[in-house]
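FYI, numbering that gives the first Met the number 0 numbers position 199 of the sequence shown as 198, with every residue one higher than the one before it. Quick reminder that beta carbons are idealized off the backbone N, C-alpha and C, glycines included.
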Amino acid sequence: MDAASRVWHAHTFDKFEQPGRRVAVVGAGISGLVAAHELECRGYRVKVLEGTTRIGGRIHTHRFGRGPGAPSVELGAMRIPAHHHTTLEYIRRMGLDEKLRTFTTLLSDENAFLRTGDGFLRIRDAAAPLRENFLRELERHRPWQRPDDGIVAFGAWLTAIVDAIAPPDLREALRMDLRRQLLDLVALVDLGPHLRGPARDRVDLHSLFSAHPGIRAGCSARLNSFLDDILAETSPDLLRLHGGMDALPRAVAGRLRGPVLLGHRVTGIEVCDDGVRLTVRAGARTFEEHADLVVCTAPFPAVRRMRLRGLDADKLDVLREVEYCPATKVAVHCREAFWREGGIQGGASFTGGRVRQTYYPAADGEPGRGAALLASYTIGDEAARFGRMSVRRRHRLVLDELSAVHPELMTPGMVLDVVSVAWGNVPWSGGGCAYRWGKSDERCAQELRRAFRPVGRLFFAGEHCSTASAWIEGGIESALRAVEAVERHEPAHRTATAADRHDPAGAL
Ligand SMILES: Cc1cc2nc3c(=O)[nH]c(=O)nc-3n(C[C@H](O)[C@H](O)[C@H](O)COP(=O)(O)OP(=O)(O)OC[C@H]3O[C@@H](n4cnc5c(N)ncnc54)[C@H](O)[C@@H]3O)c2cc1C
0 MDAASRVWHA
10 HTFDKFEQPG
20 RRVAVVGAGI
30 SGLVAAHELE
40 CRGYRVKVLE
50 GTTRIGGRIH
60 THRFGRGPGA
70 PSVELGAMRI
80 PAHHHTTLEY
90 IRRMGLDEKL
100 RTFTTLLSDE
110 NAFLRTGDGF
120 LRIRDAAAPL
130 RENFLRELER
140 HRPWQRPDDG
150 IVAFGAWLTA
160 IVDAIAPPDL
170 REALRMDLRR
180 QLLDLVALVD
190 LGPHLRGPAR
200 DRVDLHSLFS
210 AHPGIRAGCS
220 ARLNSFLDDI
230 LAETSPDLLR
240 LHGGMDALPR
250 AVAGRLRGPV
260 LLGHRVTGIE
270 VCDDGVRLTV
280 RAGARTFEEH
290 ADLVVCTAPF
300 PAVRRMRLRG
310 LDADKLDVLR
320 EVEYCPATKV
330 AVHCREAFWR
340 EGGIQGGASF
350 TGGRVRQTYY
360 PAADGEPGRG
370 AALLASYTIG
380 DEAARFGRMS
390 VRRRHRLVLD
400 ELSAVHPELM
410 TPGMVLDVVS
420 VAWGNVPWSG
430 GGCAYRWGKS
440 DERCAQELRR
450 AFRPVGRLFF
460 AGEHCSTASA
470 WIEGGIESAL
480 RAVEAVERHE
490 PAHRTATAAD
500 RHDPAGAL
């Protein structure tokens, strides 16, 4: 039986009733599924309760049509940085490494577009106008400074990337940090080895930051906390899964022996002396379920909606305090990949305006079934604004605005379908990811400790409980930590099952 049918037909509690420590995992996103799998490998009886009718949570591959040849687009996670070793290790263990492909990212296809003060330019033509804009900006803010060409190129490209990636509330602050601090630090290093392009007017930010990690030490906490994501999102070392990122959660679910119960929404959690009592709603039915242990991976906005009992004041506070960043994606099913005619083979444009980023996904589907375009990807307030619009208006606005760059979208019959997810409106997540950018390391570490801390036999996992929030890596990392915490809490169980511990699939 394949992973999907195994999940969809698992409507029984029987396996849970067998002897052994019984664990209920709340949420069938990547963290819940990994936690369930790891616990089963350690001899626990596990069942997963998922409120929606889909596994994967914020790993959400949308297919325009049925069957393996349908064009697909990622409405949630879409790329894996090569240094996310835990995610890649899990992909390998699930036998998916043959599906790994390079992910071409923002600003890396020379024919993609960049919005500048001078309108839309191809990336290959953008260096000089970006330089001019940056010089004008310096003139306004630091008229006494006359930096050399390399530094201007550095400032110009980093400003373009910040504009393309940062949420609006951080954008101007980051530009200010760049002008005030980073330029002075970069002036101390030899930029020569990091200049690229025939005119040597581009700076390879990745090689620069890895050759001179000390530059980071002088950045403000605000800039530093966002630099990792800036560098990750524009890295040449990004990967994806051919055919869709949902292969990962599906593969993990396929390894589970216990049930994954879809359409089972947890509406209440009560921590008791002998375990945890869950209130579960499935269709019209509401019932109570007692588990020896619970791992809750639901994002905190979803947990806030539950009736909570037996949790201490600090835990209730942190459940309320963790902020989430909205994220909205709008995807279009096109009759053909018209952008290839214009020389764009992949990657993404910084289209600015309300659309912000436009990705050209790899053509994994059958030719002749059309092509998927990730027309708009926004985060922060810009994503929230899309979330407040009606779906119809959101789609119309994206098509209208994007047609300034890609007028082919207005050709009759070109647009076959439009879909979108405004993650800030999704009750199961309440946002795209936990929002920690701009906070000091100390504040983040403290929030993480409080978010992760178990209460009795109630354990917490999910990207919001990890050092890699906003990434799949964070979901997996937190699940592994939660399983360790369960094991520490249950030394007797660990001893009893150590002898016959086994991996059901023989792969772990
Ligand atoms: C637009 C977007 C782009 C992203 N891009 C990337 C990327 O390129 N690369 C990357 O690595 N990461 C990316 N991420 C982040 C990544 O998707 C997440 O960090 C990761 O998938 C989170 O996994 P999780 O298991 O912690 O949470 P989720 O995937 O949210 O899983 C939680 C599960 O709990 C369920 N649930 C919630 N409430 C209840 C309830 N009351 N009862 C039962 N079930 C419940 C939810 O339905 C969900 O299935 C992106 C996220 C978004 C939204």
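Is the distance from the Cβ of residue i to the Cβ of residue j below 8 Å?
i: V293; j: L457; result: yes
i: V259; j: A27; result: yes
i: G75; j: P248; result: no
i: H332; j: G386; result: no
i: A69; j: G345; result: no
i: V22; j: D291; result: yes
i: P166; j: I378; result: yes
i: A382; j: A326; result: yes
i: V454; j: D273; result: no
i: Y323; j: G474; result: no
i: A301; j: L95; result: no
i: R78; j: L230; result: no
Should residue i be listed as close to ligand 1, given that the test is whether its C-beta is under 7 Å from any heavy atom?
i: G93; result: Before going further, note that residue 93 is Met rather than Gly in the sequence given. It does not: the Cβ of M93 is nowhere closer than 7 Å to a heavy atom of ligand 1.
i: K314; result: no
i: K328; result: yes
i: W427; result: yes
i: I29; result: yes
i: I164; result: no
i: M305; result: yes
i: T52; result: no
i: L48; result: yes
i: E381; result: no
i: G258; result: Reading off the sequence, residue 258 comes out as Pro, not Gly. P258 Cβ: outside cutoff for every heavy atom of ligand 1.
i: P298; result: yes
i: R78; result: yes
i: G473; result: yes
i: G423; result: no
i: G64; result: no
i: C218; result: no
i: A403; result: no
i: I58; result: yes
i: E138; result: no
i: A450; result: no
On the DSSP bridge assignment, give the partners of residue i in chain order.
i: V420; result: K328
i: F112; result: R121
i: T278; result: G267, E287
i: F337; result: Partner(s): none; F337 has no beta bridge.
i: S71; result: R62
i: L307; result: I268
i: C464; result: C464 pairs with nothing; no bridge assigned.
Quick check on residue i: does DSSP put it in helix, strand or coil?
i: A433; result: strand
i: R500; result: Bear in mind that the predicted position of R500 carries a pLDDT of just 43, short of 50, making it too unreliable to give a figure here.
i: I79; result: strand
i: R487; result: helix
i: V390; result: helix
i: L261; result: coil
i: A155; result: helix
i: G56; result: coil
i: Q344; result: coil
i: M0; result: A caution first: M0 carries a pLDDT of 38, below 50, which makes its placement in the model unreliable, though a value can still be read off. Three-state result, M0: coil.
i: V161; result: helix
Looking only at its chain, what residues have a beta carbon closer than 7 Å to the beta carbon of residue i, apart from the 5 residues adjacent to it on each side?
i: A34; result: V24, V294, T296, A460, A478, A481, V482
i: H211; result: V188
i: I343; result: D108, N110, A111, Y359
i: D313; result: R449
i: L507; result: Any answer about L507 is weak, because its pLDDT of 29 lies below 50 and its placement is not dependable; what the coordinates show is given next. Excluding positions up to five away in sequence, the list reads C40, R92.
i: H501; result: Annotation note: pLDDT 38 at H501 (below 50); position unreliable, coordinate value reported separately. The answer is none, since no qualifying residue turns up.
i: R319; result: R303
i: T60; result: S71, E73, G243, M244, D245
Might you give, ordered along the chain, the residues of its own chain that have their beta carbon closer than 8 Å to the beta carbon of residue i, omitting 5 neighbours on each side?
i: R121; result: E109, N110, A111, F112, L113
i: A125; result: L113, T115, A159
i: E335; result: G369, A370, M413
i: R195; result: R201, V202, D203
Which residues in the same chain as residue i place their Cβ atom closer than 6 Å to its Cβ, once the five residues preceding and following it in sequence are excluded?
i: S348; result: A111, F112, T357
i: V317; result: R449, A450
i: E340; result: none
i: T116; result: Position check: residue 116 holds Gly in this sequence, whereas Thr was assumed. For G116, where only same-chain residues beyond five positions count, the Cβ hits under 6 Å are N132.
i: V329; result: A374, S375, V397, S419
i: V47; result: V24, A27, G31, A35, V259
i: V417; result: V331, H394
i: F337; result: E407
i: G352; result: E400
Taking 8 Å as the CB-CB limit, is residue i close to chain D?
i: C324; result: Of the protein chains in this structure there is only one, and it is not chain D.
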